[in-house]
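If you read the sequence shown in the working numbering, its first letter stands for residue 3, the second for the next number, and so on.
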Amino acid sequence: MPTAKAFLIDMDGVLISGQTLIPGADAFIARLRRKGIPFLVLTNNSMYTPADLAHRLQHLGLEISKEQIFTSALATARFVHTQKPQGKAFVIGESGLLVALHEVGYIQTDIDPDYVILGETFSYHLEYITKAVRLVLAGARFIATNPDPTGPGEGGIVPACGAMAALIERATGRAPFFIGKPNPFMMRSALNYLGVHSEDTVMVGDRMDTDILAGTQSGLQTILVLSGVTRREEIEKFPYRPHQVFNSVAEIPLD
3 MPTAKAFLID MDGVLISGQT LIPGADAFIA RLRRKGIPFL VLTNNSMYTP
53 ADLAHRLQHL GLEISKEQIF TSALATARFV HTQKPQGKAF VIGESGLLVA
103 LHEVGYIQTD IDPDYVILGE TFSYHLEYIT KAVRLVLAGA RFIATNPDPT
153 GPGEGGIVPA CGAMAALIER ATGRAPFFIG KPNPFMMRSA LNYLGVHSED
203 TVMVGDRMDT DILAGTQSGL QTILVLSGVT RREEIEKFPY RPHQVFNSVA
253 EIPLD
């Protein structure tokens, strides 16, 4: 694989696992910084702002600034802003999504919204899901930040954005447009944000169905690490393959 000029790096399962640093992740980030290789931490997690996530990563020992984090919430805000600037949205989500939409000038309301935007949240309330269903049926366009059906939680997995989106889709007959990985829009937005080209960039992730698929569809080189959800024997189940496979980011060569 040619020497990479830039990296897009998934967060959960690649740099951290829950509240724990994956061994060698700090050294990998330090090597990138030492060599002056631009990178962006790319996450489908829409709950937190880049500043929130940077603080969390720094607390675990990773030298990553808020400017080096790009979330599905940021990509979602960019998408609706390009589609309908200064629009209105009924939003189910947390501060990461709410702030991103506010910063592009979106009004958040349940009065005749242009969009229903579904993101990750600490608790999905049936009242809000019901309101979302009614607004989609009334004509609001349906956007979801990411297709992940489950996420990590205390004591095990919890339903995530993709699962709640499926509920709304079943009730309305309207499929959402997912913004986050593996949508190439998320990847192009991240590349533009970083100011690099796809042919010079590597996507590093732990999921075949989001990270590696996203990189493959967007023309990036891809590296799968086995420190997250994917086991080596599962790679053969997919019709596409990563360019390289490592146990963790600690093994990725930069020369």
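Built from N, CA and C at the ideal position, the CB exists for glycine as well.
Quick one, which of 56, 247, 73 and 50 has its alpha-carbon nearest residue 98's?
-> Taking only the C-alpha atoms, the option nearest residue 98 is 50.
Are residue 74 and residue 182 closer than 7 Å when you measure CB to CB?
-> yes
Label residue 122 either buried or exposed according to how many other C-beta atoms from any shown protein chain fall within 10 Å of its C-beta, with 16 as the threshold for buried.
-> buried
Option in 211, 84, 139 and 16 with minimal Cα separation from residue 228 | 16
Figure out for me which residue from 138, 85 and 243 has the closest Cα to the Cα of residue 118.
-> 138
Between the CA atoms of residue 129 and residue 249 - distance to the nearest angstrom = Straight across, the Cα-Cα distance linking residue 249 with residue 129 is about 43 Å.
Reduced DSSP category for residue 108 - H, G, I as helix; E, B as strand; rest coil = coil
Supposed contact pair residue 40 and residue 198 - C-beta distance, whole angstroms, cut 8 Å = In this structure, residue 198 and residue 40 form a Cβ contact; the two beta carbons are roughly 6 Å apart against a cut-off of 8 Å.
Three-state secondary structure (DSSP) at residue 143?
-> strand
Inter-residue Cα distance where the pair is residue 83 and residue 89 | For residue 83 and residue 89, the distance between alpha carbons rounds to 8 Å.
Under the three-state DSSP convention, the category residue 198 falls into = coil
Residue(s) in a DSSP beta bridge with residue 19 = 22
Taking Cβ to Cβ, would you say residue 192 is nearer than 7 Å to residue 42?
-> The answer is yes: Cβ separation under 7 Å.
When the distance is taken between beta carbons, is residue 162 closer than 7 Å to residue 153?
-> Closer than 7 Å, so yes.
Which two residues bound the contiguous beta strand (DSSP E) that contains residue 91?
-> 90 to 94
Cβ pair residue 144, residue 115 closer than 7 Å = no
Does DSSP put residue 6 in a helix, a strand or coil?
-> coil
Using DSSP bridges, identify the partner residues of residue 117.
-> 91 and 143
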